[in-house]
Each structure stands twice: as structure tokens, then as C-alpha cells.
Amino acid sequence: AGGGGGGAGSSGTNAQPDQGGNGGNGINTYSSWATDTSSGHSGYFAGGGGGGTNGYGSAGSGGSGGLGGGGAGVSSAGGSGDGAVAGTSNTGGGGGGSGNAGNGAAGGSGIVILRYSSVNKTSAISTTGSPTFIDTGSYKYYKFTSNGSITF
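Residue numbers (my numbering): -17 to 134.
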């Protein structure tokens, strides 16, 4: 069994016999940003992926992903070890680990969120890449989940 990957906010846990380690939690420093822009995973970003296990012929259990989009590790009883869960898109969460000879899963894609005060500020002059624009009244946000640019 493999240990869980570290998240941005905490370390992953060690593996136990037939039990993959859990991924560490990400950070929720920007949880209000996540709420305002419907982003993140429970207000967290960059959770670690869970470790996988092969179970050595018994029913092993993969580790869970950390808060912030970490994927779960695969649970395998000596099989291929495939089936690890990818990190959640737009969170930067790590992918889950494999069991036996399988492949681990990919990490989740990242995200860029720009926030600024709405007081005496105008919106961007131009953007590329189709960012999402959110105006909460107090703050304005531009959320990029793919390539793009912004000009103020």
C-alpha cells in the first residue's frame, strides 16, 4: 500500500497493511472566493491524492482524497490495480494512487481567480479565453479554467 499525497494544507497519512494512506487536505484560505465563484471542493483547493493498495490477495482499501479535489486511491485485491480516481478539475487536486501494477490517476487541472474591489473600479478592457466574470457587488472576479489573458 502507498502513502497518501500531501495537500497544500497538510501532509498525507502513512499507509497501513492493506490500506492506502489518505491524501492531505488542501487549503481553504480563499474559501470566500470559492463560494463567490462556485469553485473549489468544499471551499478547498489543492488536496492530495489517496494512496493505492494491492491488498495482497485480500480486499485492500485505497486511501481517500484530501479536501480540495484529491482523488481516491484504488482498492485492489491483486488485480490490475487500475481504477484510481483523478483529481477534481479546476482544483489542482492530486490524482489517486494505483494498486499492484496499475497506473495512478491524473491530477486535476488548475484555476486562476482574480478578485478586486468593486469600488471605483471598472471591468476589464478585454479578455481572451472566455473567463467567467462574477460581480458580487463588493468584489469583481474573473475566473480562468483554461488559457486566457486579461487587460485592464
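We treat Cβ as the ideally placed atom computed from N, Cα and C, and that holds for glycine. If you're wondering where the values come from, they're calculated on a predicted model, not measured in any experiment.
Beta-bridge partners of residue i, as assigned by DSSP
{"i": "SER108", "result": "THR133"}
{"i": "SER57", "result": "THR35"}
{"i": "THR114", "result": "LYS125"}
Within 8 angstroms, strictly: CB atoms of residue i and residue j
{"i": "GLY55", "j": "THR35", "result": "yes"}
{"i": "GLY52", "j": "GLY111", "result": "no"}
{"i": "GLY3", "j": "GLY(-16)", "result": "yes"}
{"i": "ASN72", "j": "GLY44", "result": "no"}
{"i": "TYR123", "j": "LEU96", "result": "yes"}
{"i": "ILE107", "j": "THR70", "result": "no"}
{"i": "SER58", "j": "ASN82", "result": "yes"}
{"i": "SER46", "j": "GLY32", "result": "yes"}
{"i": "GLY92", "j": "PRO113", "result": "no"}
{"i": "THR19", "j": "LYS125", "result": "yes"}
{"i": "GLY78", "j": "VAL67", "result": "yes"}
{"i": "GLY74", "j": "ALA16", "result": "no"}
{"i": "PRO50", "j": "HIS23", "result": "The question names Pro, but residue 50 is Gly in the sequence shown. Yes, Cβ-Cβ distance for GLY50 and HIS23 is below 8 angstroms."}
Three-state class that DSSP yields for residue i in the structure shown
{"i": "ASP18", "result": "helix"}
{"i": "SER71", "result": "coil"}
{"i": "SER46", "result": "coil"}
{"i": "SER13", "result": "helix"}
{"i": "ILE93", "result": "coil"}
{"i": "ILE103", "result": "The question names Ile, but residue 103 is Lys in the sequence shown. Three-state result, LYS103: coil."}
{"i": "THR127", "result": "coil"}
Anticipated Cβ contact below 8 angstroms, residue i with residue j, distance rounded
{"i": "LYS25", "j": "SER13", "result": "Note that residue 25 corresponds to Gly in the displayed sequence, not to Lys. Going by Cβ atoms, the distance from GLY25 to SER13 rounds to 3 angstroms, so yes, they are a contact pair."}
{"i": "THR(-5)", "j": "GLY(-11)", "result": "Not quite, the Cβ-Cβ distance comes to about 11 angstroms (not below 8 angstroms), so this is no contact."}
{"i": "SER105", "j": "GLY119", "result": "With 8 angstroms as the limit, SER105 and GLY119 do not qualify as a contact, their Cβ atoms being about 14 angstroms apart."}
Chain C contact for residue i (CB, 8 angstroms cutoff)
{"i": "SER91", "result": "This model lacks chain C altogether, as it is built from one protein chain only."}
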